[in-house]
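Here the working numbering is used: the first residue of the sequence shown is -14, the next is one more, and so on.
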Amino acid sequence: MATKNNKTSTRVKINAGLLILMAIMFGVITFCGVNELAKFRKNLIGISDAPALCFDEELYEKNDGTVIQDTYPCVLNGTEEATSQRDHTMFLYDKINFTATINSYQNDILLVAVGSMMTIASLVGAVVYWNHNR
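Spelled out as structure tokens, the structure:
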């Protein structure tokens, strides 16, 4: 009865090991990047009493809800225009904060997508390389 002798060369073992190591590194880098973005989002503090953007609702409905005209920052009750420097600053800070939050989530999605693709590709490459060359 003949037995199959499995002789995997050292070169194949080292290359497959390097591919697996690369997959682990991609996974760790992705994980650390996502954690850093989560820490960044914790520092983005919203303002509940920031002035809002007010506009003429009749003109808005007249334009089928596609164009907003005559907009202005207004205080919480929505009837008076925000005129103080503080109100304008709070309005801009709130909008910039919201934009930074959205950008952070977009970067998070991108990082997870690219990092997981690279991790999976490295693992699959290691398995295929190992099976092909043993």
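We put the beta carbon where it would ideally sit given N, CA and C, even for glycine.
Because the structure is a prediction, the values reported are computed rather than measured.
Asked, Found
"Alpha carbon of V13 to alpha carbon of S(-6), nearest angstrom", "29 Å"
"In DSSP terms, what A85 is bridged to", "According to DSSP, which records beta bridges pairwise, A85 is partnered with nothing at all."
"Buried/exposed call for G100, threshold 16 Cβ in 10 Å", "buried"
"Backbone CA spacing between K47 and D41 [nearest angstrom]", "10 Å"
"Start-to-end residues for the alpha helix (DSSP H) that takes in A23", "T(-5) to K27"
"D49 beta carbon near the ligand GDP (any heavy atom closer than 6 Å)", "In the structure shown, the ligand GDP is absent, as is every other ligand, since no ligand is present at all."
"Alpha-carbon spacing of L3 relative to G18, whole angstroms", "22 Å"
"Close beta carbons around D55, own chain, < 8 Å, minus the five adjacent residues each side", "F40, D41 and L44"
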